[in-house]
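*Asks:* Take a look at the following structure, please.
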Ligand SMILES: Cc1cc2nc3c(=O)[nH]c(=O)nc-3n(C[C@H](O)[C@H](O)[C@H](O)COP(=O)(O)OP(=O)(O)OC[C@H]3O[C@@H](n4cnc5c(N)ncnc54)[C@H](O)[C@@H]3O)c2cc1C
Ligand code: FES
Ligand code: FES
């Protein structure tokens, strides 16, 4: 981490070839370790200053968000506020102010905790994860749809030496409403018990489009596909009931130190039902 | 062992250098290399806020910042902030915002920073800003008033 910047190509090359070298952005996950553990983790390579990982910009039909964007920056950005209110809501609930000033979207996704707050939001917004790696003397990009990024418990599609450059979020169509809800303990505490994100739209009192995703209810953040299809086409109140019970059936949360499976499952059902019910019956 | 490149950054308005490993915590560099012991280590895990300092004007947890990421940047600690805003510290003592004092340096840095950003912060805004600063003693009422009593 000593050398500030240099080239991203060189950084990717080193990550691919030097065992024990790990990328760092805000450090709010990596630094939570005793000095002893940190010494064992090996060395870190600072990615926070690469231009390729910075900025927020509308490009064609989507918005680019650099991996190094902090949750504070996300909340302040006019384009994010306008198009992605659920992402703003999630950003404002990641830890406290000091954490939000350092924690990044890229770090949250790469860390791949099933409880990461932004993850279900990126899932319902159908983000594309843009990855970069060194191929000879060129930096090559690879685009992975969010649904294929989390492949198992804390496992991602990132290949060795590959880094997240940023995210492309398709602009939401007209009338697409977004919701985010986190059920946790204390706001600034690291881990939620259940997180749910929704993107959807009704027409004529019936659910027309629905995307739902949840965190902390499985080994990875998950799209609630059965809840989605159970609800589409139904009148709003019935859709909310159907989505809530399908969501409980399609997930198998675990017991752990923070909560029990039964509690998580009950909360998931209720939150999904309430979020669906909060849609505007006729968005035209 | 000591072939670390020199890291240069600004601390409380002065240019400082440190030869530590870039993975070292900013908190340790401030306390042990620079003798700035105002920033406290409560938890060392990002949960308590006692180690809060300003990095380029933004409150951050110095126990989670590797000093290598401070190169070329500006750090301000409670020592400088107490000098810039002695009234805030004074009011903390008057309102009962300080009991054991373990949380106080971090709280002062966060409150100062909030007032820079938002001079008339509401109770709700103060509460949100302090979500990452734990105080086990005061119940926060005196802390909120220490800022509110300074509103214009
Ligand atoms: C007190 C506290 C409260 C917290 N609260 C929450 C919360 O409420 N919700 C929540 O979701 N999280 C929370 N967190 C966890 C953490 O803040 C987030 O996961 C944060 O987004 C991580 O981002 P970072 O930039 O700090 O990551 P870092 O710590 O820098 O990196 C995290 C991981 O990602 C890897 N990485 C970083 N950048 C890249 C990249 N570009 N490409 C590939 N890999 C990369 C690193 O090697 C590391 O494994 C909390 C943490 C603390 C300490
Ligand atoms: S010591 Fe840094 S947050 Fe507790
Ligand atoms: S005064 Fe004791 S923790 Fe705040």
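Chains as they are written, first to last, in the working numbering: chain G, 39 to 322; chain B, 6 to 157.
Quick reminder that beta carbons are idealized off the backbone N, C-alpha and C, glycines included.
(1) From residue 115/G to residue 94/G, what distance separates their C-alpha atoms?
(2) Taking just the CA atoms, how far does residue 71/B sit from residue 29/B?
(3) I'd like to know whether the C-beta of residue 91/G is nearer than 8 angstroms to at least one C-beta of chain B.
(4) Buried or exposed: residue 117/B, going by 16 or more other Cβ atoms within 10 Å of its Cβ?
(5) Closer than 7 angstroms by beta-carbon distance: list the chain B residues that pair up with residue 155/G, in chain order.
(6) Considering only heavy atoms of ligand 4, does any lie closer than 7 angstroms to the CB of residue 141/G?
(7) If you measure from the beta carbon of residue 120/G to each beta carbon in chain B, is any gap under 8 angstroms?
(8) Name the chain B residues that come within less than 9 angstroms of residue 86/G, Cβ to Cβ?
(9) Using a Cβ cut-off of 8 angstroms (strictly closer), state whether residue 70/B contacts chain G.
(10) Using a threshold of 8 angstroms, state whether the C-beta atoms of residue 137/B and residue 118/G are closer than that.
(11) In chain B, which residues lie less than 7 angstroms from residue 136/G when you measure between Cβ atoms?
(12) Can you have a look at residue 220/G and say buried or exposed, based on whether 16 or more other CB atoms are within 10 angstroms of its CB?
(13) Taking residue 70/G as the query, report the chain B residues whose CB atoms sit under 8 angstroms from its CB, ordered along the chain.
(14) Can you list the residues of chain B that residue 66/G reaches, using a CB-CB cut of under 7 angstroms?
(15) Is there at least one non-hydrogen atom of ligand 2 closer than 7 angstroms to the beta-carbon of residue 2/B?
(16) Beta-carbon separation of residue 62/G and residue 85/G under 8 angstroms?
(17) Use the C-beta contact count for residue 111/B: other C-beta atoms within 10 angstroms, 16 or more gives buried, fewer gives exposed.
(18) What is the DSSP secondary structure of residue 293/G, reduced to helix, strand or coil?
(19) What residues in its chain sit with their C-beta under 8 angstroms from that of residue 140/G, if we drop five residues either side in the sequence?
(20) What does residue 115/B reach in chain G if we use C-beta pairs closer than 8 angstroms?
(21) Have a look at the DSSP bridge pairing and note the partners of residue 150/B.
(22) Would you say residue 172/G touches ligand 1, meaning its beta carbon is less than 7 angstroms from a heavy atom?
(23) From 156/B, 97/B, 100/B and 93/B, pick the residue whose C-alpha is nearest to that of residue 124/B; which is it?
(24) For residue 12/B, which of 31/B, 36/B, 73/B and 126/B has the nearest alpha-carbon?
(25) Quick check: what's the CA-CA separation for residue 135/G versus residue 135/B?
(26) Exposed or buried, residue 151/G, counting other C-beta atoms within 10 Å across all chains shown (16 or more means buried)?
(27) Taking just the CA atoms, how far does residue 99/B sit from residue 228/G?
(28) Is it the case that the stretch 202 to 212 of chain G contacts the stretch 293 to 304 of chain G, given that we only count it when at least three CB pairs across the two stretches are under 8 angstroms?
(29) Verify whether the separation of the beta carbon atoms of residue 234/G and residue 313/G is less than 8 angstroms.
*Replies:* Taking the structure as given:
(1) Taking the straight line from one Cα to the other gives about 8 angstroms.
(2) Spanning the two alpha carbons is a distance of roughly 5 angstroms.
(3) Residue 91/G is outside the set of residues whose beta carbon lies under 8 angstroms from a beta carbon in chain B.
(4) By the neighbour-count definition (other C-beta atoms within 10 Å, threshold 16), residue 117/B is a buried residue.
(5) Proximity of chain B to residue 155/G at the Cβ level (cut-off 7 angstroms) is not reached, the minimal Cβ distance being about 14 angstroms.
(6) Of the ligands one can find in the structure shown, namely ligand 1, ligand 2 and ligand 3, none is ligand 4.
(7) Not one beta carbon of chain B lies nearer than 8 angstroms to the beta carbon of residue 120/G.
(8) Counting only Cβ-Cβ distances below 9 angstroms, residue 86/G has contacts in chain B at 74, in chain order.
(9) For residue 70/B, the answer is yes, since a Cβ of chain G falls inside 8 angstroms of its Cβ.
(10) Contact: no.
(11) In chain order: 54, 57, 64, 65, 66 and 137.
(12) When all chains shown are included, residue 220/G counts as buried.
(13) At a beta-carbon threshold of 8 angstroms, the residues of chain B lying near residue 70/G are 50, 51 and 69, ordered along the chain.
(14) Those within 7 angstroms of residue 66/G in chain B are 51 and 69.
(15) Coverage of chain B is limited to positions 6 through 157, which leaves residue 2/B absent and any answer about it impossible.
(16) Yes, these two residues count as a Cβ contact at 8 angstroms.
(17) In summary, residue 111/B is buried, with 16 or more beta-carbon neighbours lying within 10 Å of its beta-carbon over all protein chains present.
(18) Coil at residue 293/G, not helix or strand.
(19) Excluding sequence neighbours, residue 140/G sits near 64, 65, 66 and 108.
(20) The answer, in chain order, is 135 and 136.
(21) Partner residues in a beta bridge of residue 150/B, as assigned by DSSP, do not exist.
(22) Not under cutoff, so the answer is no.
(23) Residue 156/B is the option with its Cα nearest to residue 124/B.
(24) Residue 12/B has its Cα closest to that of 73/B, out of 31/B, 36/B, 73/B and 126/B.
(25) Using only the alpha carbons, I get a separation of about 7 angstroms.
(26) Under a 10 Å Cβ-count criterion, residue 151/G is classified as buried, with 16 or more other Cβ atoms of the shown protein chains found around its own Cβ.
(27) Any answer about residue 228/G is weak, because its pLDDT of 49 lies below 50 and its placement is not dependable; what the coordinates show is given next. Using only the alpha carbons, I get a separation of about 33 angstroms.
(28) Contact fails: fewer than three Cβ-Cβ distances are below 8 angstroms.
(29) Their beta carbons are under 8 angstroms apart, which means residue 234/G touches residue 313/G by this criterion.
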